[in-house]
Each structure stands twice: as C-alpha cells, then as structure tokens.
Amino acid sequence: MKSTGKGSRGRQVVTHASVGKRADVQQLELAALVCSQAIRKNPNYAPIHNTAGLIQNELGQVNGAVGEFATAAKLDPKFFEAQMNYAAVNLGFRGFEQAQAAYTKALAMRPNDYDAHLGMALALRGPITGSENDYDQRVNAVQGELDAAKKLDANARTPTTTRASSRRSSRRRARSTRRSRRRSSASRSRSSSRSSTRRAASPSTTAP
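Under this note's numbering, the first residue of the sequence shown is numbered 144, with each subsequent residue one higher.
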C-alpha cells in the first residue's frame, strides 16, 4: 500500500502487488493454523511438523521453523527432508555446526544427493577464517564436497545430452536418406527422359 501524497492523511492506494502479497500471507497463516490444529491432535507425526516448519519459514518466522524441523527430525531420524530443511535454515543464519551435523545425517541416508553435498560444502566453508591450524585440511574437505556435487551434476546431465545427440544424429540420417532418395529419383527421371528422346529420334524399322 502507498500513500496518495501530501494532505491525504489516512488515505492509501492499494496496489495489485500489495493485494497479492497480503492474500499470500493470509493463505500461509491459514495453513499454519491448520498445521497447529493437526499437531495438537497428533503431536508425534513428523511430516506435519516438517510442513509447519516450511510454512513458518515462508512467513519469516525462522526460529519457529527451526524448532519444527528439529522436532520432525527427532521424531523420525530417517526423515531426509527434515534433516535437509533443518540444515538449510541453520545455514541461512550462520549456524554452521548445526548445519554440518544435519547434512552429515542426510548424506548417511542419501550419499548421492547433490543438494546435500553442496550444502555440506557451504557449511564447512562458512566458519573458515584462514587462521586455523588445519586450514588446508578444511579447504580440502570443502573441495571434496564440491567435487562430489559436480560429479553428481555431470552424471545427471549425461543421459539428457546423450539422448539429444542421438536425436540429432537420427535427424541427420533421415535428412541424408531423403536427399539420397530425391537424387536417385531425379537420376531415374533424367535417364528415362533421355531414353525416350533417343527412341523418338531413331528411324522407324517398319517397311514402307
């Protein structure tokens, strides 16, 4: 909402953007209310705590989000998404130690997860100042996680690239085949035309 200018005390113009934003917030607040009611009915159901954390994070209530993700992960230690969400939110406000612990648990469940390796690299890199006695070891650990993420990303892209190359090769072969057929047809047509011309030009063998 924005003011209409000087002398317009109390009068404000509602923009489309502000209306949309307010509607989104109202929907999120309603979803948060539904989650809180569900949690009261079944406080030991991990997925609802994870959902509540996502909603609170969208509303900017970071502390509440962290608490919900932590509860979800505690109720179900094998809940991969809860560990990832807990790690990501902690990483956002420099909770590097907590993020490292959560990413470690996530990678134990899914060692080939790209986002988990990338998040771990960020969590390991965050607290490095350059004055550590084990600086080189820390940097190598960060690089190791980045290399793992790059390798997973390259592997994920390879099938798509291969399929695209295969499709291009198939199209090239099809175009080549069509050109060959057209050339062959044209050649036969020219040959037939020359043969007809020769027959027309040759003298008749019929007796007079």
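The beta carbon of each residue, even a glycine, is placed where N, CA and C say it ideally should be.
Using CA atoms only, rank isn't needed, just tell me which of the options is closest to residue i.
{"i": "M252", "options": "N187, A225, P190, A189", "result": "A225"}
{"i": "G203", "options": "N298, V168, Q280", "result": "V168"}
{"i": "N255", "options": "A317, N193, F223, N187", "result": "F223"}
Which same chain residues, not among the five before or five after residue i, have their C-beta less than 7 Å away from its C-beta?
{"i": "V232", "result": "N200, V205, A208, V209, F212"}
{"i": "R237", "result": "G269"}
{"i": "N187", "result": "L218"}
Is residue i near residue j, with beta carbons less than 7 Å apart?
{"i": "A264", "j": "L289", "result": "yes"}
{"i": "Y229", "j": "A245", "result": "yes"}
{"i": "H260", "j": "A291", "result": "yes"}
{"i": "A175", "j": "I191", "result": "no"}
{"i": "L234", "j": "A242", "result": "yes"}
{"i": "A195", "j": "D219", "result": "no"}
For residue i, collect the residues of the same chain with a Cβ closer than 8 Å to its Cβ; drop the 5 residues on either side in sequence, then sort them by chain order.
{"i": "E275", "result": "R281"}
{"i": "A299", "result": "Y257"}
{"i": "R284", "result": "According to the sequence shown, residue 284 is Ala rather than Arg. If we look at A284 and ignore the five residues flanking it on each side, its Cβ neighbours are L267."}
Distance check for residue j and residue i, CA to CA, integer angstroms please.
{"i": "R315", "j": "E240", "result": "54 Å"}
{"i": "R183", "j": "L173", "result": "16 Å"}
{"i": "G262", "j": "N185", "result": "31 Å"}
{"i": "R165", "j": "A297", "result": "41 Å"}
{"i": "I359", "j": "S179", "result": "Residue coverage of the chain in this structure runs from 144 to 351, which leaves residue 359 outside it and unanswerable."}
{"i": "Q170", "j": "N193", "result": "18 Å"}
{"i": "I359", "j": "A317", "result": "No answer is possible for residue 359: the residues shown for the chain start at 144 and end at 351."}
{"i": "K221", "j": "T214", "result": "13 Å"}
{"i": "K293", "j": "S319", "result": "38 Å"}
{"i": "D277", "j": "G287", "result": "15 Å"}
{"i": "G273", "j": "D279", "result": "9 Å"}
With DSSP run on the structure shown, which of helix, strand or coil describes residue i?
{"i": "T304", "result": "The pLDDT assigned to T304 is 47, lower than 50, so where the model puts this residue is not dependable; a value taken from the coordinates is nonetheless given after this. It is helical."}
{"i": "G196", "result": "helix"}
{"i": "E172", "result": "helix"}
{"i": "N283", "result": "helix"}
{"i": "G269", "result": "coil"}
{"i": "D290", "result": "helix"}
{"i": "K221", "result": "coil"}
{"i": "G238", "result": "coil"}
{"i": "P186", "result": "coil"}
{"i": "G203", "result": "coil"}
{"i": "S274", "result": "coil"}
Which same chain residues end up closer than 6 Å to residue i when comparing Cβ atoms and leaving out the 5 residues on each side of it in sequence?
{"i": "Q322", "result": "One point to set straight first is that residue 322 is Arg, not Gln, in the sequence displayed. No residues qualify anywhere along the chain."}
{"i": "G148", "result": "Only weak support is given to the placement of G148: the predicted model assigns it a pLDDT of 48, under 50, and the question is left unresolved by the model."}
{"i": "K248", "result": "Q226"}
{"i": "R324", "result": "none"}
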